[in-house]
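Peer 1: Got a structure here, written out as structure tokens. Questions coming.
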């Protein structure tokens with residue numbers, strides 16, 4: 001049984017490593033040489049949109065999935081309807097869900113439709129639109145590109161009226177969205193999974209700490225029963241409405257005990273990496289079980305986990321492993337500023353120990369990153 | 373960093389899957405097509421003794437290790453001293469340790485030298501030797517080939533004097549060993565690891581259940597502090613004496629609270645598969661850390677584990693996964709009677725729950741196997 005995956009980054013790599021014990025095979029499509037997933041599985045080194053490569057991928061696979069949400073929706077649609085060898089290929093998650101997550105406006109519309117509280121927002125296609133939006137929603141606010149944003153890229157924070165022109169000059173070349181800047185108390189994310197047989201499961205809530213727009217630390221479970229219930233209800237609603245298959249993630253701001261949806265990702269998520277050692281079944285394995293129509297694995301936590309991202313440079317390996325209970329995940333990438341190169345996971349018996357040790361470890365392993 | 377591995381079976385496969393998160397690469401040597409490890413890593417499909425293939429493997433690797441102890445010692449020795457591209461290659465565990473474990477007589481001599489209690493034994497090279505051995509040690513007893521025995525292969529149980537001729541006829545073509553048959557209470561194994569820097573660690577004791585000479589079930593930790601201490605002392609002694617590098621396993625009979633060494637394996641071991649989910653660091657990861665001179669990972673148990681071998685035929689996958697907390701490991705092998713095709717691991721919060729559920733699961737997943 002071969003799973004075809006568009007994108008061969010670290011998410012695909014960890015998916016393959018979770019799928020091999022189930023006896024699965026993998027084939028990746030990615031134009032990059034030396035990709036994280038290509039080091040552990042075969043890879044077609046072609047453009048994501050190359051119709052022939054996509055057909056080859058589809059023809060070799062029982063089901064297609066993604067490691068990266070910014071794949072070409074038209075290319076996937078053509079494949080799903082399709083002509084040629086890979087025609088009528090099953091794609092998980094559904095292309096409509098991928099499309100919704102690619103565009104911040106359709107994402108916001110979806111949240112609104114599903115009664116999932118989100119930030120106030122307006123689509124912006126001109127300087128005048130932006131002026132009106134800033135007036136209606138207020139300042140400060142954030143101008144974001146509708147597409148291709150990740151790790152804080154394609155965003156401009158407007159603090160006062162003078163920033164309107166500056167923001168427009170910086171981002172105005174593409175369709176945009178303006179939204180209120182929520183003075184949140186903290187950030188969480190919820191990861192849910194729905195199988196092709198309609199079975200669903202939800203992971204314990206992740207508490208996330210960002211810096212410069214990039215996730216630095218996740219602790220889980222964030223043991224707030226009311227928030228967990230609420231997040232579970234929202235993700236269930238989204239999974240059902242989208243007739244979703246696979247893992248879906250929603251990131252929230254928390255303010256005064258309320259959840260405000262920030263964005264969603266139609267895939268396994270950085271804030272769920274702790275599930276490899278810290279949950280009964282990892283998000284990667286459950287994504288595969290879901291898209292293959294297999295029974296889902298249990299999602300409960302085994303202890304209290306912290307996941308620290310290794311960004312830009314890798315700490316010395318022997319220094320990480322000198323902590324005998326740490327789990328290192330090296331994605332096999334060339335170091336580059338701001339690049340996610342790996343992560344470490346810590347599992348402790350209590351939330352307090354987890355909090356304390358994650359602080360000490362951050363100070364040692366990722367010096368210079370503010371410690372929450 | 374590439375690890376070269378001679379043998380591409382399930383042990384190598386699980387080693388690669390444990391090593392990828394550390395950022396390691398692998399290259400296997402095995403004549404078999406479609407091997408378990410060859411499905412997840414590159415493989416040189418050549419004979420184990422092919423000098424050119426061995427040199428190629430060594431030249432491409434920082435360190436060589438084995439997935440199978442019956443490798444050719446002369447070939448490895450030639451490589452370690454060597455000429456050609458892969459010359460002077462570091463081999464872990466040391467070739468002397470591999471050689472000792474390949475021959476039941478040198479294994480017994482080692483146990484005797486290290487004061488590790490073992491069965492009474494005699495080397496047998498003729499029918500007369502066998503008659504003398506049976507007389508000196510008594511009947512019943514077991515005649516075993518000195519080399520290439522595994523999973524109960526190459527053994528003949530002598531119950532009475534009439535069996536002497538029969539046993540000789542069956543096995544007499546090769547060098548043999550006769551040993552007493554120990555009426556043991558139960559069987560355990562201990563897994564230890566020693567790094568190239570001399571650091572050692574020992575896993576909790578495994579309690580093993582065999583049937584027809586093949587391991588069927590392991591439960592761990594076998595929480596008997598006295599036995600654990602004793603086993604720890606024995607394995608430490610062996611690790612030190614052999615100046616060992618990597619994972620070493622010793623299997624024991626337990627009788628009246630005493631440990632009697634049965635045999636040793638210079639490698640990761642089937643009875644340690646539960647460590648993937650059930651220990652802080654798996655035996656596979658610790659073997660790699662050890663041979664690379666990295667700090668060893670913690671070996672303590674996370675809960676109470678049971679590992680059930682899947683032999684001959686695989687149960688239906690969806691049936692296994694319908695137990696939401698089970699971990700399936702499918703080795704990607706063609707089914708064949710008596711062949712180890714995979715295993716499942718269960719981790720429970722108490723020893724009693726683990727014992728009960730492992731019984732129920734065996735009845736369901738491996739019907740026909742006697743349930744301990």
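Protein chains in written order, with the numbering used here: chain D, 1 to 372; chain A, 373 to 744. In this text, a Cβ means the ideal position worked out from N, Cα and C, and glycines have one as well.
For a contact meaning CB atoms closer than 7 angstroms, what does residue 32 of chain D contact in chain A?
Peer 2: None at all; the shortest Cβ gap to chain A is about 17 angstroms.
Peer 1: Chain B beta carbons: is any one of them nearer than 8 angstroms to that of residue 294 of chain D?
Peer 2: Among the chains of the structure shown, chain B does not appear; the protein chains present are D and A.
Peer 1: Considering only DSSP beta bridges, list what residue 26 of chain D is partnered with.
Peer 2: D/3, per the DSSP bridge assignment.
Peer 1: Which runs of the alpha helix (DSSP H) fall wholly inside the stretch 330-367 of chain D and span at least 4 residues, in chain order?
Peer 2: If we require 4 residues or more, the alpha helix (DSSP H) runs fully inside the stretch 330-367 of chain D come out as 351-365.
Peer 1: Under 8 angstroms between C-beta atoms, does residue 378 of chain D make it to chain A?
Peer 2: Residue numbering for chain D in the displayed model covers 1 to 372; residue 378 of chain D lies beyond these limits and cannot be assessed.
Peer 1: Going by C-alpha distance, which of A/678, A/532, A/680 and A/652 is nearest residue 668 of chain A?
Peer 2: Per the Cα distances, A/652.
Peer 1: Mind pulling the alpha helix (DSSP H) runs of 4 or more residues that sit fully within the stretch 131-200 of chain D?
Peer 2: Whole alpha helix (DSSP H) segments, 4+ residues: 163-171.
Peer 1: What is the rounded straight-line gap between the Cα of residue 228 of chain D and the Cα of residue 241 of chain D?
Peer 2: Whole-angstrom Cα-Cα distance: 20 angstroms.
Peer 1: Identify which residue in A/472, A/690, A/423 and A/460 has its Cα closest to the Cα of residue 442 of chain A.
Peer 2: Among A/472, A/690, A/423 and A/460, the Cα nearest to that of residue 442 of chain A belongs to A/472.
Peer 1: Compare the C-beta of residue 650 of chain A with all C-beta atoms of chain D and state if any pair is closer than 8 angstroms.
Peer 2: Residue 650 of chain A does not count as touching chain D.
Peer 1: Span of the alpha helix (DSSP H) holding residue 251 of chain D?
Peer 2: Note, residue 251 of chain D: premise wrong, no alpha helix (DSSP H); beta strand (DSSP E) at 246-255.
Peer 1: In chain D, which residues lie less than 7 angstroms from residue 694 of chain A when you measure between Cβ atoms?
Peer 2: Result: 295.
Peer 1: Going by CA-CA distance only, name the one from D/62, D/141 and D/173 that's closest to residue 158 of chain D.
Peer 2: The candidate whose alpha carbon is nearest that of residue 158 of chain D is D/141.
Peer 1: Give the single residue among D/218, D/238 and D/248 whose Cα lies nearest to the Cα of residue 351 of chain D.
Peer 2: Comparing Cα-Cα distances from residue 351 of chain D to each of D/218, D/238 and D/248, the minimum goes to D/218.
Peer 1: Pull up the distance between the alpha-carbon of residue 546 of chain A and that of residue 499 of chain A, whole angstroms please.
Peer 2: Roughly 12 angstroms separates the two Cα atoms.
Peer 1: Output yes if chain D places a C-beta closer than 8 angstroms to the C-beta of residue 697 of chain A; else output no.
Peer 2: So yes, residue 697 of chain A belongs to the interface.
Peer 1: Based on Cα-Cα distance, which residue from D/207, D/272 and D/143 lies nearest to residue 153 of chain D?
Peer 2: Measuring from the Cα of residue 153 of chain D, the nearest candidate turns out to be D/143.
Peer 1: Among D/235, D/245 and D/253, which residue has its Cα nearest to the Cα of residue 186 of chain D?
Peer 2: Cα-wise, what sits closest to residue 186 of chain D is D/253.
Peer 1: Which term fits residue 402 of chain A, buried or exposed, when burial requires 16 or more other beta carbons within 10 angstroms of its beta carbon?
Peer 2: The residue in question, residue 402 of chain A, is buried, as its Cβ has 16 or more Cβ neighbours within 10 Å.
Peer 1: Would you check if the distance between the CB atom of residue 290 of chain D and the CB atom of residue 347 of chain D is smaller than 8 angstroms?
Peer 2: Their beta carbons are not under 8 angstroms apart, which means residue 290 of chain D does not touch residue 347 of chain D by this criterion.
Peer 1: Tell me the rounded alpha-carbon separation between residue 479 of chain A and residue 636 of chain A.
Peer 2: One C-alpha to the other measures close to 7 angstroms.
Peer 1: Along chain D, which residues have their Cβ under 7 angstroms away from the Cβ of residue 395 of chain A?
Peer 2: Correct list: 330 and 332.
Peer 1: Does the separation of the CB atoms of residue 707 of chain A and residue 684 of chain A fall below 8 angstroms?
Peer 2: Result yes, Cβ atoms of residue 707 of chain A and residue 684 of chain A sit closer than 8 angstroms.
Peer 1: Taking the CB atoms as reference points, tell me whether residue 32 of chain D and residue 58 of chain D lie closer together than 8 angstroms.
Peer 2: Against a cut-off of 8 angstroms, the Cβ pair of residue 58 of chain D and residue 32 of chain D comes out as no contact.
Peer 1: Output, in chain order, the set of chain D residues within a Cβ distance shorter than 7 angstroms of residue 574 of chain A.
Peer 2: None at all; the shortest Cβ gap to chain D is about 13 angstroms.
Peer 1: Which of the three DSSP states is assigned to residue 578 of chain A in this structure?
Peer 2: Strand at residue 578 of chain A.
Peer 1: Any beta carbon from chain D within less than 8 angstroms of residue 661 of chain A's own beta carbon?
Peer 2: At least one chain D Cβ lies under 8 angstroms of residue 661 of chain A.
Peer 1: With a threshold of 16 other CB atoms inside 10 Å of the CB of residue 439 of chain A, please say whether the residue is buried or exposed.
Peer 2: Its Cβ being crowded by 16 or more others within 10 Å, residue 439 of chain A is buried.
Peer 1: One question on the structure: do residue 234 of chain D and residue 116 of chain D come within less than 8 angstroms of each other, judged by their Cβ atoms?
Peer 2: Going by C-beta atoms, residue 234 of chain D is nearer than 8 angstroms to residue 116 of chain D.
Peer 1: Secondary structure at residue 495 of chain A, three-state DSSP: helix, strand or coil?
Peer 2: Strand, per DSSP.
Peer 1: Kindly list the residues whose CB is nearer than 8 angstroms to the CB of residue 435 of chain A, restricted to its own chain and excluding five residues on each side of it in sequence; keep chain order.
Peer 2: So the qualifying residues of the chain are 375, 376, 461, 462, 463, 464, 663 and 664.
Peer 1: Measure the alpha-carbon distance for residue 715 of chain A versus residue 277 of chain D and round it to whole angstroms.
Peer 2: So the two alpha carbons sit approximately 19 angstroms from each other.
Peer 1: From residue 315 of chain D to residue 257 of chain D, what does the alpha carbon distance come to, in whole angstroms?
Peer 2: Their Cα atoms are separated by approximately 37 angstroms.
Peer 1: Check whether the Cβ of residue 318 of chain D lies closer than 8 angstroms to any Cβ atom in chain A.
Peer 2: At least one chain A Cβ lies under 8 angstroms of residue 318 of chain D.
Peer 1: Can you check whether the C-beta of residue 674 of chain A is within less than 8 angstroms of a C-beta belonging to chain D?
Peer 2: Taking Cβ atoms only, chain D reaches closer than 8 angstroms to residue 674 of chain A, which makes this a yes.
Peer 1: Report, in whole angstroms, the separation of the C-beta atoms of residue 98 of chain D and residue 189 of chain D, which I expect to be a contact under 8 angstroms.
Peer 2: About 18 angstroms; that fails the 8 angstroms criterion.
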